[in-house]
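Residue numbers (our numbering): 686 to 1101.
Ideal Cβ placement from N, Cα and C applies to all residues, glycine included.
Please read the structure below before turning to the comments.
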Ligand code: SF4
C-alpha cells in the first residue's frame, strides 16, 4: 500500500486505517473510493484486503458450462442470449445431448457442472430434477451449480408453489449451489428500465437467503457499466453485504461488466453516443469496481475475475485489484459471447495455471465451494470437441492464443 500521508492527501485516511485494521467500510466510503482520482491507490487497498484473506492463492475450477436453452419468457434489455420459441437462433438441448456433452468429457473429473439458461416457458421443474439425477449418476464427483435466482422464481410461478418448495425439490435432486446470476443492479428504477419483468432486487436477496437457510450455497453478482451510477453500484454491493450478514451463504461475488453488442440496451446507448464513452473507460472501470467490491464485501470470501466477460488481460490485472478467482475451464459458453465477449470458449487447466502464475500468484485447483482439490487426482482435460451450439448466429472466436502468457493451445488429446 501507499503510505498514510498519501491516502490523507486523497481524502482516504480513514479508509486506509480501516482497511489496515480489517474494519468495515461505510457506503459513503465506497463512494469515496469510486471518486478517488488515483485508481492504483484504490487497487493497493483492495490488494491488501485480498492478501489478508488469501495470501497469494488464486483459485480456478475444472468446470463445464451447460446453457440448456436460450428460449426465455423475459426480455431483459441487456440480454443478447434470449430468443422466442421458433425464432431464428433459438435452441433447447435435449437431455441426451446434455448428457452426451458431459459423458464426452469422461476421464476428466470436473469439480463443477454449471447449468443455466433462460426462463423457458415449457421446460418443467421435473425435467431438471430428472436431468440432475442422471448427471449425478454420470458425474458423482461433480457439484451441480445451477440456475439464477430469476430461474428459481420462474419455476415457482410455473409450478404454482413458493420458491422454498422449488429449492427443496432441486436440492433433493442434486442441486448444491445457485450460480448467482439475475442480480443485475438492484436500484428499482433502473431495474424497471433494463429488466422490467425480472424479480426485484429485494426478491433476489430473499430467495438467496431461502437457499442459504436450506444449505444451498450461492454466488452473487452485479451487472455494471450500463446506465447505473457509481452510487448504484455501492448501494448494490452494500445490499449484498447486508444479506450476507443475515444468511451467510454467498461464496463468491461475480462482477459482470455489461457486454455491448447484439442487445437492445447497447443499441440505445450507442444511439445516444454513450456506449463508446463507456467503452473507452471500460478496463479501468472494471478494475476499480472489482477493487471496491473487495473492500466493501468484507463478509464474502471470494471475488471473481470472470475471464469470459473481462477478457484474459483484464482478468489477470484484476488479481492485483482484489480478485482471487478466475472461474474455470468453462468448455462452452454462450451467454457472454452472444453479447460480444471476445474471449475464447474454453481454457485448459494449464492455461489457467499459467495465467495465475504469470502474475506472481499461486494457482489453487478448487471445487464449486472453493474447497482445494488435490492436483494429483485431477489430470488435465482434453479440449471439448463440441462446437458452439449450431443455432447460435454469433461467430465465436477461435479457441487459440487466449493468454499472453500461454503457449500455443495443444490439439485434442494432447497432455497438459
Ligand atoms: S437475462 Fe436471463 S431472464 Fe433476462 S432475457 Fe436473458 S435469459 Fe431471459
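Boundaries (first-last residue) of the beta strand (DSSP E) holding residue 903: Counted from its first residue, the chain shown places residue 903 at position 218. Where residue 903 is concerned, the enclosing beta strand (DSSP E) stretches over 902 to 909.
Outcome for residue 812 when other beta-carbon atoms lying within 10 angstroms are tallied against a minimum of 16: Looking up residue 812 in the chain shown gives position 127. Here residue 812 is exposed, its C-beta having fewer than 16 other C-beta atoms within 10 Å.
Extent of the continuous beta strand (DSSP E) run through residue 789: Here residue 789 refers to the residue found at position 104 of the chain shown. No beta strand (DSSP E) holds residue 789; the alpha helix (DSSP H) holding it covers 780 to 789.
CA nearest to the CA of residue 833, picked from 688, 846, 1043, 804: Taking the chain shown and counting its residues from 1, one reaches residue 833 at position 148. The residue with the shortest Cα to Cα distance from residue 833 is 804.
8 Å Cβ cutoff met for residue 744 and residue 987: Taking the first residue of the chain shown as 1, we reach residue 744 at position 59. Taking the first residue of the chain shown as 1, we reach residue 987 at position 302. Cβ atoms of residue 744 and residue 987: closer than 8 Å.
As assigned by DSSP and simplified to three states, the class of residue 691: Indexing the chain shown from 1 puts residue 691 at position 6. Helix at residue 691.
Any non-hydrogen atom of ligand 1 within 7 Å of residue 721 CB: As a position in the chain shown, residue 721 is number 36, starting the count at 1. Taking 7 Å as the cut-off, one finds no heavy atom of ligand 1 near enough to the beta carbon of residue 721.
Range covered by the alpha helix (DSSP H) that runs through residue 949: The residue given as residue 949 occupies position 264 in the chain shown. Here the alpha helix (DSSP H) through residue 949 covers 949 to 956.
Between the CA atoms of residue 729 and residue 754 - distance to the nearest angstrom: Against the chain shown, residue 754 aligns to sequence position 69. Against the chain shown, residue 729 aligns to sequence position 44. Counting only the Cα atoms, residue 729 lies some 41 Å from residue 754.
6 Å Cβ shell around residue 709 - same chain, five flanking residues per side excluded: Here residue 709 refers to the residue found at position 24 of the chain shown. 983, listed in sequence order.
Three-way DSSP call (helix, strand, coil) for residue 1043 in this model: What you label residue 1043 is simply residue 358 of the chain shown in a count that begins at 1. Correct three-state label for residue 1043: coil.
Helix, strand or coil at residue 656 according to DSSP, with G and I counted as helix: The displayed coordinates of the chain run from 686 to 1101. Any statement about residue 656 would go beyond what the structure contains.
Under 8 Å between C-beta atoms of residue 1004 and residue 990: As a working mapping, residue 1004 is identified with position 319 in the chain shown. As a working mapping, residue 990 is identified with position 305 in the chain shown. With contacts defined by Cβ atoms closer than 8 Å, residue 1004 and residue 990 form a contacting pair.
Check: residue 905 C-beta below 7 Å from any heavy atom of ligand 1: Numbered from its first residue, the chain shown carries residue 905 at position 220. Checking every heavy atom of ligand 1 against the Cβ of residue 905, none is found closer than 7 Å.
Between the CA atoms of residue 724 and residue 893 - distance to the nearest angstrom: Here residue 893 refers to the residue found at position 208 of the chain shown. Here residue 724 refers to the residue found at position 39 of the chain shown. Roughly 32 Å separates the two Cα atoms.
Residues near residue 895 by beta carbon distance below 7 Å, same chain, minus five either side: Here residue 895 refers to the residue found at position 210 when the chain shown is read from its first residue. Cβ contact annotation for residue 895 (same chain, cutoff 7 Å, sequence separation greater than five): 848, 849, 852, in chain order.
Buried or exposed by the 16-neighbour rule on C-beta atoms within 10 Å, applied to residue 864: Reading the chain shown from its first residue, position 179 is the one you call residue 864. So residue 864 counts as buried.
Three-state secondary structure assigned by DSSP to residue 830: Working through the chain shown from its first residue, we reach residue 830 at position 145. Residue state, collapsed to three classes: strand.
Distance cut-off 7 Å: residue 909 Cβ against heavy atoms of ligand 1: Residue 909 sits at position 224 when you count from the first residue of the chain shown. No.
CB-CB length for residue 638 against residue 1007, believed under 8 Å: No answer is possible for residue 638: it lies beyond the span of the chain, which begins at 686 and ends at 1101.
Alpha carbon of residue 923 to alpha carbon of residue 837, nearest angstrom: The sequence position of residue 923 within the chain shown is 238, counting from 1. The sequence position of residue 837 within the chain shown is 152, counting from 1. Approximately 23 Å between the Cα atoms of the pair.
8 Å Cβ cutoff met for residue 937 and residue 904: As a position in the chain shown, residue 937 is number 252, starting the count at 1. As a position in the chain shown, residue 904 is number 219, starting the count at 1. A contact, by the Cβ cut-off of 8 Å.
Environment of residue 697 [buried if 16+ CB atoms lie within 10 Å]: The residue you call residue 697 lines up with position 12 of the chain shown. Counting other Cβ atoms within 10 Å of its Cβ, residue 697 reaches 16 or more and is therefore classed as buried.
Contact test: residue 899 Cβ vs ligand 1 heavy atom, cutoff 7 Å: Along the chain shown, one-based indexing puts residue 899 at 214. Incorrect: residue 899 has no Cβ contact closer than 7 Å to ligand 1.
C-beta contact flag for residue 866 and residue 801 at 8 Å: As a working note, residue 866 is residue 181 in the chain shown. As a working note, residue 801 is residue 116 in the chain shown. Yes, these two residues count as a Cβ contact at 8 Å.
Any non-hydrogen atom of ligand 1 within 7 Å of residue 886 CB: Within the chain shown, numbered from 1, the residue matching residue 886 stands at position 201. False, no ligand heavy atom lies under 7 Å from that Cβ.
Reference residue 749, options 826, 945, 997, closest by Cα: Position 64 of the chain shown, counting from 1, holds the residue named residue 749. Residue nearest to residue 749 within the set 826, 945, 997 is 826 (criterion: CA-CA distance).
Cβ pair count under 8 Å reaching 3, the segment 990 to 1002 against the segment 926 to 937: Remark: fewer than three beta-carbon pairs, one from each stretch, lie closer than 8 Å, so the segment 990 to 1002 and the segment 926 to 937 are not flagged as touching.
Continuous alpha helix (DSSP H) stretch holding residue 999: start and end: By 1-based counting over the chain shown, the position of residue 999 is 314. Per DSSP, the unbroken alpha helix (DSSP H) holding residue 999 starts and ends at 997 to 1003.
Burial state of residue 1019, where buried means 16 or more other Cβ atoms lie within 10 Å: For this step, residue 1019 is matched to residue 334 along the chain shown. So residue 1019 counts as buried.
Residue 1029 to residue 844 span [Cα, whole Å]: Walking along the chain shown from the start, residue 1029 turns up at place 344. Walking along the chain shown from the start, residue 844 turns up at place 159. Taking the straight line joining both Cα atoms gives about 37 Å.
Reference residue 732, options 1034, 978, 1043, closest by Cα: For the purposes of this step, residue 732 is taken as residue 47 along the chain shown, with counting starting at 1. Nearest C-alpha to residue 732 among 1034, 978, 1043: 978.
Counted within 10 angstroms of its Cβ, other Cβ atoms place residue 925 as buried (16 or more) or exposed: As a working mapping, residue 925 is identified with position 240 in the chain shown. Counting of Cβ neighbours within 10 angstroms places residue 925 among the buried residues, the total reaching 16 or more.
Residue range of the unbroken beta strand (DSSP E) whose run includes residue 797: Your numbering for residue 797 matches position 112 in the chain shown. Where residue 797 is concerned, the enclosing beta strand (DSSP E) starts and stops at 797 to 801.
Endpoints, beta strand (DSSP E) assigned at residue 873: Working through the chain shown from its first residue, we reach residue 873 at position 188. Careful: residue 873 lies outside any beta strand (DSSP E), inside the alpha helix (DSSP H) at 873 to 879.
Range of the contiguous alpha helix (DSSP H) that encloses residue 739: Counted from its first residue, the chain shown places residue 739 at position 54. First-last of the alpha helix (DSSP H) with residue 739: 724 to 739.
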